[in-house]
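Trainee: Please find one structure pasted underneath; my questions will follow.
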Amino acid sequence: MKNPVRVTVTGAAGQISYNLLFRLAAGEMLGKDQPVILQLLEIPPAMKMLDGVVMELEDCAFSTLSGIIATDNSELAFGDAEYVLMVGARPRGPGMERKDLLEANAKIFTEQGSVLDRVASQNVRVLVVGNPANTNALITASKLQRLDASQVTAMTRLDHNRAISQIAAKTGSFSSSVKRVIIWGNHSATQYPDIHHATVDGASALDVVDQNWIESEFIPTVQKRGAQVIAARGLSSAASAGSAAMDHIRTWMQGTPTGDWTSMGIVSDGSYEITDGLIYSYPVTCKSGHYEIVQDLEINKFSRDKMQITEQELIEERDAIANLL
Ligand code: NAX
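Following this line, the structure appears as structure tokens:
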């Protein structure tokens, strides 16, 4: 067994965390030989619920769970953390406009970004899940002084996994046969799931599905899958979101398989003519805890237009909270 690492999860009493924490504690994110100390952050009204989650975690007697801190104090929760999963966020309440939602979350992520910059491990890797994920990550990254903005990422892995699964179902393939899918842009209904570079069992995906399916089914289904789950379940995606969060961190640390890539919301460096500094989802390869944007992919007019629509939405989100950056 290795030395334990500290993993922070915010919003730890929420439904995504309830699906995430037990698998994480069982070694499914960082490995069966990597014990973890869970540092769980909640707001005061949810602390009682969190106590219940802690009891259940204890009752599993996981050999990879070395300790649990359950707190509403962000300094304690982020202290020396090697991994931070920012799941907690303010949901949209009655009468709240989009701008109010952006601002309410911007305040949370301003405070948490500053604290984690002060007290987390120098090598911390941060994944923002709480919505609006890209802009919450932008705020968090903007508060860093000791740490680097590249250490903060936003989750589009659930969208990436959804895209893979749709293509696999359409072509009658295993999901492991589908490679090089891309989610560009925002984790929202403007995201662009791009199939142009994807392969299915080594063949170009474009040769095995038709353009009509891409435009009228594939893209809208992936874009609106979250809403479909809510309509069916009465609750938003939780198990799949928790699973994708673990996939994101695992791939970041262990690397992408040869010949494949993944999608991550990361600080734009201007690649593919996307505005510098936005948190935009790109295709990336990962190796030993580092990621790099896949460069030089050919982008046709159809794709370019869609990449710009989602970029524009991110610019508007950024501008709505510009006073807090
Ligand atoms: P829940 O409402 O079940 O849980 C959120 C938890 O966060 C609550 O327990 C709440 O008390 C806590 N919280 C609120 N403010 C906090 C703060 N300042 N510090 C610490 N904790 C705080 O939501 P859940 O279904 O778990 O979803 C969590 C977030 O993930 C939401 O913002 C949701 O929209 C977002 N999602 C993001 C996805 C993605 O792919 N990036 C997909 C799934 C999900 O929709």
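If you count by my numbering, then the sequence shown holds residues 706 to 1030, one letter each, in order. Note that CB positions come from ideal geometry on N, CA and C, so glycine has one too. Just so you know, these numbers come straight off a predicted model, no measurement behind them.
#1: Please report the distance separating the alpha-carbon of residue 820 from that of residue 913.
#2: Residue 898: beta carbon under 7 Å from a heavy atom of the ligand NAX?
#3: On the three-pair Cβ rule with 8 Å, is the segment 758-773 touching the segment 794-810?
#4: Alpha carbon to alpha carbon, how far is residue 894 from residue 783?
#5: Return the chain-ordered ranges of every alpha helix (DSSP H) run that is complete within the segment 913-994 and spans a minimum of 4 residues.
#6: Roughly how many angstroms separate the alpha carbons of residue 973 and residue 946, rounded to a whole number?
#7: Tell me whether residue 818 sits in a helix, a strand or coil according to DSSP, three-state version.
#8: Where DSSP assigns a beta bridge to residue 716, which residues make up the other side?
#9: Contact criterion: CB-CB distance below 8 Å. Does residue 896 meet it with respect to chain B?
#10: Determine the burial state of residue 938: buried for a count of at least 16 other Cβ atoms within 10 Å of its Cβ, exposed for fewer.
#11: With DSSP collapsed to three states, give me the class of residue 909.
#12: What distance in whole Å lies between the Cβ atoms of residue 730 and residue 756, which are believed to be in contact at a cut-off of 8 Å?
#13: Is it the case that the CB of residue 893 approaches a heavy atom of the ligand NAX more closely than 7 Å?
#14: In whole angstroms, what is the alpha-carbon distance linking residue 808 and residue 862?
#15: If the criterion is Cβ atoms closer than 8 Å, does the pair residue 984 and residue 859 meet it?
#16: Look at residue 965 and residue 884 and say whether their C-beta atoms are less than 8 Å apart.
#17: With DSSP as the reference, please indicate the residues paired to residue 741 in a beta bridge.
#18: Note down, in chain order, each residue of its chain lying with its Cβ closer than 7 Å to the Cβ of residue 752, except the 5 sequence neighbours on either side.
#19: Are residue 969 and residue 999 close, meaning C-beta to C-beta below 8 Å?
#20: Is residue 948 near the ligand NAX, with its Cβ less than 7 Å from a heavy atom?
#21: Would you kindly check if the distance between the Cβ of residue 710 and the Cβ of residue 741 is under 8 Å?
#22: Please name the residue, chosen from 1019, 930 and 881, that lies closest to residue 962 on a Cα-to-Cα basis.
#23: Quick check on residue 871: buried or exposed, where buried means 16 or more other Cβ atoms within 10 Å of its Cβ?
#24: Tell me, which residues are paired with residue 758 by DSSP?
Mentor: In brief:
#1: 49 Å
#2: no
#3: no
#4: 31 Å
#5: 924-938 and 944-959
#6: 24 Å
#7: helix
#8: In the DSSP output, where bridge partners are listed per residue, residue 716 has none listed.
#9: The chain inventory of the structure shown lacks chain B, comprising one protein chain alone.
#10: exposed
#11: strand
#12: Rounded, the Cβ-Cβ distance is 16 Å, inconsistent with contact.
#13: no
#14: 25 Å
#15: yes
#16: yes
#17: 710 and 770
#18: 777
#19: no
#20: no
#21: yes
#22: 881
#23: buried
#24: Answer by DSSP bridge pairing: none, since residue 758 is not bridged.
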